[in-house]
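2 protein chains.
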Amino acid sequence: MLTDIEIAHSVEPWPIQQVAEAAGVDAKHLIPYGFDKAKVDYSLLNEPSDHEAKLVLVTAINPTPAGEGKTTTTIGLADALRRRGVKSAVALREPSLGPVFGVKGGAAGGGYAQVIPMEDINLHFTGDFHAIGAANNLLAAMLDNHIQQGNALGIDVKRITWKRAVDMNDRQLRHVIDGIGGKAQGVPREDGFDITVASEVMAILCLSTSISDLKQRLGEIVVGYTYAGEPVRARQLKAQGAMAALLKDALKPNLVQTLEHTPAFVHGGPFANIAHGCNSVMATRMAMRFGDVAITEAGFGADLGAEKFLDIKCRMTGIRPSAVVVVATARALKYNGGVTKADLNEENLEALKAGMPNLLRHVDNIQSVYGLPCVVAINRFPSDTQAELDLIASECEKLGVNVRLSEVWAKGGEGALELADEVMRLVEEPSDLRFAYEDGADIADALEAVATKVYRADGVDFTPAAKRQLAELRANGFGNLPVCVAKTQYSFTDQDKLLGAPEGFRITVRELKVSAGAHFVVALTGNVLTMPGLPKVPAAENIDVDDDGVITGLF
Amino acid sequence: MLTDIEIAHSVEPWPIQQVAEAAGVDAKHLIPYGFDKAKVDYSLLNEPSDHEAKLVLVTAINPTPAGEGKTTTTIGLADALRRRGVKSAVALREPSLGPVFGVKGGAAGGGYAQVIPMEDINLHFTGDFHAIGAANNLLAAMLDNHIQQGNALGIDVKRITWKRAVDMNDRQLRHVIDGIGGKAQGVPREDGFDITVASEVMAILCLSTSISDLKQRLGEIVVGYTYAGEPVRARQLKAQGAMAALLKDALKPNLVQTLEHTPAFVHGGPFANIAHGCNSVMATRMAMRFGDVAITEAGFGADLGAEKFLDIKCRMTGIRPSAVVVVATARALKYNGGVTKADLNEENLEALKAGMPNLLRHVDNIQSVYGLPCVVAINRFPSDTQAELDLIASECEKLGVNVRLSEVWAKGGEGALELADEVMRLVEEPSDLRFAYEDGADIADALEAVATKVYRADGVDFTPAAKRQLAELRANGFGNLPVCVAKTQYSFTDQDKLLGAPEGFRITVRELKVSAGAHFVVALTGNVLTMPGLPKVPAAENIDVDDDGVITGLF
Chain A
1 MLTDIEIAHS VEPWPIQQVA EAAGVDAKHL IPYGFDKAKV DYSLLNEPSD HEAKLVLVTA
61 INPTPAGEGK TTTTIGLADA LRRRGVKSAV ALREPSLGPV FGVKGGAAGG GYAQVIPMED
121 INLHFTGDFH AIGAANNLLA AMLDNHIQQG NALGIDVKRI TWKRAVDMND RQLRHVIDGI
181 GGKAQGVPRE DGFDITVASE VMAILCLSTS ISDLKQRLGE IVVGYTYAGE PVRARQLKAQ
241 GAMAALLKDA LKPNLVQTLE HTPAFVHGGP FANIAHGCNS VMATRMAMRF GDVAITEAGF
301 GADLGAEKFL DIKCRMTGIR PSAVVVVATA RALKYNGGVT KADLNEENLE ALKAGMPNLL
361 RHVDNIQSVY GLPCVVAINR FPSDTQAELD LIASECEKLG VNVRLSEVWA KGGEGALELA
421 DEVMRLVEEP SDLRFAYEDG ADIADALEAV ATKVYRADGV DFTPAAKRQL AELRANGFGN
481 LPVCVAKTQY SFTDQDKLLG APEGFRITVR ELKVSAGAHF VVALTGNVLT MPGLPKVPAA
541 ENIDVDDDGV ITGLF
Chain B
1 MLTDIEIAHS VEPWPIQQVA EAAGVDAKHL IPYGFDKAKV DYSLLNEPSD HEAKLVLVTA
61 INPTPAGEGK TTTTIGLADA LRRRGVKSAV ALREPSLGPV FGVKGGAAGG GYAQVIPMED
121 INLHFTGDFH AIGAANNLLA AMLDNHIQQG NALGIDVKRI TWKRAVDMND RQLRHVIDGI
181 GGKAQGVPRE DGFDITVASE VMAILCLSTS ISDLKQRLGE IVVGYTYAGE PVRARQLKAQ
241 GAMAALLKDA LKPNLVQTLE HTPAFVHGGP FANIAHGCNS VMATRMAMRF GDVAITEAGF
301 GADLGAEKFL DIKCRMTGIR PSAVVVVATA RALKYNGGVT KADLNEENLE ALKAGMPNLL
361 RHVDNIQSVY GLPCVVAINR FPSDTQAELD LIASECEKLG VNVRLSEVWA KGGEGALELA
421 DEVMRLVEEP SDLRFAYEDG ADIADALEAV ATKVYRADGV DFTPAAKRQL AELRANGFGN
481 LPVCVAKTQY SFTDQDKLLG APEGFRITVR ELKVSAGAHF VVALTGNVLT MPGLPKVPAA
541 ENIDVDDDGV ITGLF
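For the protein sequence lines, the chains are A and B, in the order given. Residue numbering for the first sequence follows our numbering, starting at 1 and increasing by one per position. Residue numbering for the second sequence follows our numbering, starting at 1 and increasing by one per position.
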């Protein structure tokens, strides 16, 4: 069996100019980065167009720790549409370097449904994440320098909320004391680092629609509070201009191709817990400008990814999907049915059946809460047995769930032709997107709505600290922003062992934090890690490059 | 008077393909990054060629804190040669982001002698420094992860020498305690961050001649010592393959152009104190492959920059310069003659004359110690008076120093035609490069030779700590590597207030540290800062970008 990187190398990529031309991107808007990557000038989005595209969101049931193949399905579905003669385009997130060197390996699809050049996309790509890290860290340096140089703004060093960022899984940096070593070496204080994808700058970049909008949002970032309890904004440090200068190229969406040469806009990658987990608005709009059907995805399961895609990204931008694909796997159904991670490769029809309610609840949310047409895509894994696949099909039929098998990992676009046909039927159906809560709802009400409607919780509890923060956020004018829940991806609840479709639980919010530039309030539940660590044997140990620049060990 | 960025924007750049074609770079070796930047595949350096180029090193007297214009002179000289019909090419260092946001502003030449696109070159350029930072930080994360996961190698957490890096002036990170917060959050220890240009990975990249060589050197990095006192190498952490994968594109030299369309290879930028301060070997070789005369520079004054260029870079690679240009300014002569920084714009003939011995000593070093032909270029500043320039000319004549005026800041290549003519005469003279010390000399002997021959010190003293390190380095097999002195750039001595041509002093080495992958031993004298801080009003506060992506405030 070939590895992902071997499959990726087996395909001769089109020159990026050819990909662009086939998609209809004018050469004047294309900024090449090597032969097979480019950035696309977003000014074209300001040119008038009467092109009307359908947008399809790919989301998933609550996953296993290995993931269920949303990206793979997104790519394969677009390739399948192309085989059916539909002009399709893909909008995806960029991978973070951290997981590449940790457990997960690459994140550019898999098998015969990948975007290429996979090793570039998985490493530095066009430098966007480095630019985001630099902008994040410039703000941090200016903040601490302000304090060192006299602290005219009266910033309380015990209430600084802005952290530094590196695009690396580095647990050693989670909690640090910096500024030590004497009078000239900064101000000693507790501090910490997040992985770059967790930076608010990442979320801001992905929601910005122009440099002006970007600068405005960067200036609005709250970096901490004064001794008097007032929020301190990045604009008070005069940081937003230089930060935007660092981000001016990163704001341009990247164009690459799938293994079947479908255009793919791969751009941005905010965390799906403390941020909204979707590719950039620019990338989605590009895919909708150059495709008749654009396929995009959102991070984690539908309770987090689809909820935020709809309640945050669609709400803020006016983007509207016409249909939703919910990816499920036999493995994830078994996992939700109680099978441990180690036993997922074994056939277990009983557990699979027991896991079905998880899928059902996600499907029901898409249809009933959000009012969108929906199809389940069963992403076939090599370990799946025919009996398992048959059982999923019969259970879905019994429960009235619209389902198609997807074999894109093994077959590329050829493996999702039926799924493509069903998607084409669905996008022509009437849809009427509703949000889980109204615009301008109080953040406590918005959280209650998401918890009760989407997670099916009995309600939301706030810890005493979160209650104080709630009052403070309201007092500071942040009380009516959309909410962004940071929660385990494995469960509808805030506890990662409560799988399936739990009932009779409550959600506990332990911290509320404004992302004032991203324009949402983050509600943290459970333990959310914003800086991963490396495992006992990091994937990095097996990565190598030869004298011709050919990389091995990425998967 | 136009700012640098306004001048840069006044010139229409050639498409990078045109620059490459004019230089003779085959299109198949060109990897475009946008319209006006490219990387060049170094595999072409392995193709046989009988092209013989002359290499000219541009260095300087001990500078003022504002710098004397080595880069500007390098660029202007190449443009002047081009105007004289000589096929010239430039090899320069890449600027670091840190100073761009601090005091200094950009570092891509100035006035009418610049490389463009100056804002891209000063910001992310082609991402090389970010790649170097990521490789540096991957090694750090793997090191701390190794300890966290059981520390099979027995690494002494009190003897870790490998620091993390960010490309930012951020004093808050100079000294930190990381790994705090409990059992799962790493191992609490003293740590610190360097600016990326101070990373040994930067020095290694700049000295590497292939991916194999790069990987070999990365594997040789000493990250710390075991409890038993044995050095621990990056290869024991299996980090070198993934680090090299991160660096595979960064290893390729970047091609841009001067304002007069002379090809410029701008690549790498190691510190000139704790590292060797020169652009990459690859870039220098490229400039020598595609130019008949290649002009390059080295950091700080000649006591550091030229010494390291010759004793480290030339020794290790076989590259040989044919002539040396020593840049001086009326301001730096006055500074060396005792004028304070605040008064440098005032005419002061007496001080200027008093500063001449500094220039003389550098010229004598180039000629007598290293055996190379030499010309002084007086880099004219707008504040210079005619009386000052006349005095420099007459003093030089009196002392037998070969000197030419350079007005490239105001006039571009037109301002250095006489300098160019003199350089063309010098490169045809016989030269016989000698090093300050023999290959394989003991590090103490090498330091003694550099100190007595180049700095004109009476000798070298080692602190007790440095003596212990000397013994340990010898015991570990590092006793015969070339030496890299980290010293103030303002003085021949290790004290930054002793200007001019001091005599009767000794150099005190307070720490010795091996850069085992770069293949040199760093000798630290005085206080050398490897992480700068931001000033009271950072340059970042004035940097901005508009909706068309046009940046202002870089200078």
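C-beta: ideal position from N, C-alpha, C; glycine also.
Classification of residue i by the beta-carbon crowding that lies within 10 angstroms, buried from 16 upward
i                      : result
residue 1 of chain A   : exposed
residue 345 of chain A : exposed
residue 254 of chain B : buried
residue 51 of chain B  : exposed
residue 251 of chain B : buried
residue 336 of chain A : buried
residue 257 of chain A : buried
residue 212 of chain A : exposed
residue 197 of chain B : buried
residue 171 of chain A : buried
residue 225 of chain A : buried
residue 386 of chain A : exposed
residue 248 of chain B : buried
residue 26 of chain A  : exposed
residue 138 of chain B : buried
residue 134 of chain A : buried
Identity of the residues DSSP links to residue i by a beta bridge
i                      : result
residue 224 of chain A : A/160 and A/232
residue 265 of chain A : A/91 and A/255
residue 515 of chain B : B/520
residue 38 of chain A  : A/32 and A/255
residue 209 of chain B : The partner list for residue 209 of chain B (beta bridge, DSSP) is empty, contrary to what the question assumes.
residue 551 of chain B : B/545
Run of the alpha helix (DSSP H) containing residue i, from where it starts to where it stops
i                      : result
residue 290 of chain A : 281-290
residue 387 of chain A : 386-399
residue 357 of chain B : 349-364
residue 80 of chain A  : 70-83
residue 276 of chain A : Run containing residue 276 of chain A: none; DSSP gives neither H nor E here.
residue 10 of chain A  : 4-10
residue 425 of chain B : 417-427
Span of the beta strand (DSSP E), counted from its first residue to its last, around residue i
i                      : result
residue 374 of chain A : 374-379
residue 406 of chain A : 403-406
residue 557 of chain A : One cannot answer for residue 557 of chain A here, as it falls past the ends of chain A, which runs 1 to 555.
residue 297 of chain B : 293-297
residue 31 of chain A  : 30-32
residue 248 of chain A : Unbroken run through residue 248 of chain A: none, as it is neither H nor E.
residue 60 of chain A  : 54-60
Uninterrupted alpha helix (DSSP H) stretches inside the segment 94-157 of chain A (no shorter than 4 residues):
Secondary structure remark: continuous alpha helix (DSSP H) runs of at least 4 residues inside the segment 94-157 of chain A, in chain order: 97-101, 118-122 and 128-148.
Any chance the segment 84-99 of chain A sits against the segment 430-437 of chain A, with 3 or more Cβ pairs inside 8 Å?
Too few Cβ pairs lie closer than 8 Å, so no.
Which ranges would you report for the alpha helix (DSSP H) in the segment 439-510 of chain B if only whole runs of at least 4 residues count?
Within the segment 439-510 of chain B, the complete alpha helix (DSSP H) runs of at least 4 residues are 443-449 and 464-475.
Is there contact here, the segment 311-319 of chain A with the segment 340-357 of chain A, by at least three beta-carbon pairs under 8 Å?
Output reads no: the segment 340-357 of chain A does not touch the segment 311-319 of chain A.
How do the segment 53-64 of chain A and the segment 318-329 of chain A stand: do at least 3 beta-carbon pairs fall below 8 Å, yes or no?
Touching, yes, given that three or more Cβ pairs across the two stretches are closer than 8 Å.
Within the segment 161-202 of chain A, ranges of the beta strand (DSSP E) (whole runs, at least 3 residues)
Secondary structure within the segment 161-202 of chain A: the beta strand (DSSP E) runs of 3 or more consecutive residues, fully enclosed, are 164-166, 176-178, 189-191 and 193-195 (chain order).
Where in the segment 518-548 of chain A do unbroken runs of the beta strand (DSSP E), each at least 3 residues long, occur, reported from the N-terminal end onward?
Entirely contained in the segment 518-548 of chain A, the beta strand (DSSP E) runs reaching 3 residues are, in chain order, 520-525.
Continuous beta strand (DSSP E) assignments of at least 3 residues falling wholly in the segment 303-341 of chain A:
Qualifying beta strand (DSSP E) stretches, in chain order: 323-328.
When you compare the segment 415-423 of chain A with the segment 75-82 of chain A, are there three or more beta-carbon pairs, one atom per stretch, that lie closer than 8 Å?
For the pair of segments examined, the segment 415-423 of chain A was found to touch the segment 75-82 of chain A: the number of CB pairs separated by less than 8 Å reaches three.
Measuring CB atoms only, is the segment 515-523 of chain A touching the segment 475-492 of chain A, in the sense that at least three cross pairs come out at less than 8 Å?
Cβ pair count under 8 Å is three or more, so yes.
Does the structure place the segment 452-471 of chain B close enough to the segment 402-412 of chain B that three or more beta carbon pairs sit under 8 Å?
The answer is no - the segment 452-471 of chain B does not touch the segment 402-412 of chain B, with fewer than three Cβ pairs under 8 Å.
Does the contact criterion of 3 or more C-beta pairs under 8 Å hold for the segment 315-325 of chain A versus the segment 366-377 of chain A?
Judged by Cβ distances under 8 Å, the segment 315-325 of chain A makes contact with the segment 366-377 of chain A, as three or more pairs qualify.
Any 3 or more C-beta pairs closer than 8 Å across the segment 535-554 of chain B and the segment 202-218 of chain A:
These segments touch.
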